[in-house]
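Residue numbers (this note's numbering), protein chains in the order written: chain A, 6 to 116; chain B, 31 to 145.
Where is the CB? At the ideal position from N, CA and C, for every residue including glycine.
This structure is a prediction, so every number in the text was calculated from the model and none was measured.
This report refers to the structure that appears directly beneath it.
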Amino acid sequence: ELKVEQNPLFLSMQEGKNYTIYCNYSTTSDRLYWYRQDPGKSLESLFVLLSNGAVKQEGRLMASLDTKARLSTLHITAAVHDLSATYFCAVAGNAGNMLTFGGGTRLMVKP
Amino acid sequence: DSGVTQTPKHLITATGQRVTLRCSPRSGDLSVYWYQQSLDQGLQFLIQYYNGEERAKGNILERFSAQQFPDLHSELNLSSLELGDSALYFCASSNRVGTPSVEQFFGPGTRLTVL
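Structure (structure tokens):
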């Protein structure tokens with residue numbers, strides 16, 4: 006059974022600081038996703054990582070994938086208040102496209 | 031806006047009742063996925079349909095069922111509702127005809143409250 010673990014589950018940081026969210030998964034997969042969710046809202050796709058060593062960047066967020074270590078990271082650079090949200094990683098199972106989600110990281114960026 | 035629509039937005043009902051949640055995928059998408067988000071269980075996959083046929087099943091209770099119709103919209107039926115079924119139910123779609131799709135696009139969700 007595929008398991009996905011994120012840490013930390015909660016992150017409070019000051020504006021301007023850098024931090025990394027970690028996503029570990031238990032079995033081989035070639036597709037890893039990062040989503041953002043604002044309170045009470047839907048899931049917004051941030052990144053799709055499809056191969057070992059993949060790195061994608063959008064604004065202050067950068068995601069990477071190491072399939073050998075079964076680890077993905079979401080790095081936040083110079084955080085701003087607008088980045089406050091819950092971030093989920095999700096892994097596609099080998100049997101199909103269904104996603105297994107991590108527990109989410111609730112990020113609060115304080116001015 | 032992902033292009034996936036879900037109705038209703040909110041649903042309040044009583045224990046023991048039955049409800050139907052509706053999802054319209056993005057135009058041209060053949061796959062529909064249903065996910066449940068609750069405080070206890072987090073986000074979990076329930077079921078997937080592809081072009082009208084069930085493709086994969088996750089942690090879906092026997093009291094729940096789904097189908098995908100010829101026009102590709104999908105319905106999730108929840109019966110004999112319990113307090114613990116209160117959650118946000120998301121629909122996602124992917125697999126646009128003619129293009130390989132690895133990304134799932136999520137609808138706005140239906141918030142179900144069982145009293």
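Strictly by DSSP, which residues pair up with residue i?
i: B:His40; result: B:Arg141
i: B:Arg52; result: B:Thr37 and B:Glu105
i: A:Asn29; result: A:Glu10 and A:Leu76
i: A:Thr91; result: A:Gln42 and A:Arg111
i: A:Val53; result: A:Tyr38
i: B:Gln22; result: Past the edges of chain B, shown from 31 to 145, lies residue 22 of chain B, and the structure says nothing about it.
i: A:Ser17; result: A:Met113
i: A:Leu48; result: A:Gln42
i: A:Met67; result: A:Gln62 and A:His80
i: B:Arg114; result: The residue you asked about is not Arg; residue 114 of chain B is Gly in the sequence shown. Looking at the DSSP assignment, B:Gly114 forms no beta bridge with any residue, so it has no partner.
State the CB to CB distance for the pair residue i and residue j, rounded to an integer number of angstroms; the pair is presumed to be in contact (CB under 8 Å).
i: B:Gly33; j: B:Arg56; result: 4 Å
i: A:Ala90; j: A:Arg41; result: 5 Å
i: A:Gly98; j: A:Gln11; result: Not confirmed; about 17 Å, so no contact.
i: A:Leu16; j: A:Leu112; result: 5 Å
Quick check: residue i and residue j, are their CB atoms within less than 8 Å of each other?
i: A:Leu79; j: A:Thr25; result: yes
i: A:Leu14; j: A:Cys94; result: no
i: A:Val53; j: B:Val132; result: yes
i: A:Asn23; j: A:Thr82; result: yes
i: B:Leu88; j: B:Leu102; result: Correcting the residue identity first, residue 88 of chain B is Gly in this sequence and not Leu. No. Outside cutoff.
i: B:Glu112; j: B:Val144; result: yes
i: B:Ala96; j: B:Ser104; result: yes
i: B:Leu198; j: B:Leu142; result: Because residue 198 of chain B is not part of the residues shown, which for chain B are 31 to 145, the question remains open.
i: A:Glu49; j: A:Val114; result: no
i: B:Gly46; j: B:Ser123; result: no
i: A:Glu63; j: A:Leu55; result: no
i: A:Ser47; j: B:Pro38; result: no
i: B:Gln67; j: B:Phe120; result: yes
i: B:Tyr65; j: B:Gln74; result: yes
Quick one: what's got a C-beta closer than 6 Å to residue i's C-beta in the same chain, skipping five residues either side?
i: A:Met67; result: His80
i: B:Gln6; result: Limits of chain B in this structure are 31 at one end and 145 at the other, which puts residue 6 of chain B out of reach.
i: B:Thr107; result: A small correction: the amino acid at residue 107 of chain B is Asn; Thr does not occupy that position in the sequence shown. So the list reads Thr50 and Ser95, once near-sequence residues are dropped.
i: A:Ser69; result: Val60 and Thr78
i: A:Leu76; result: Asn29
i: B:Ala86; result: Gln78
Between which residues of its own chain and residue i is the CB-CB distance below 7 Å, once the five residues before and five after are set aside?
i: B:Ile90; result: Leu76 and Ile77
i: A:Pro116; result: Glu20 and His86
i: A:Asp43; result: Ala90
Grab me the residues of residue i's own chain with a C-beta within less than 8 Å of its C-beta, minus the 5 sequence neighbours each way, in chain order.
i: A:Leu7; result: Tyr30, Ser31, Thr32, Ser34, Val96, Gly98 and Thr105
i: B:Thr43; result: Val49, Leu111, Leu142, Thr143, Val144 and Leu145
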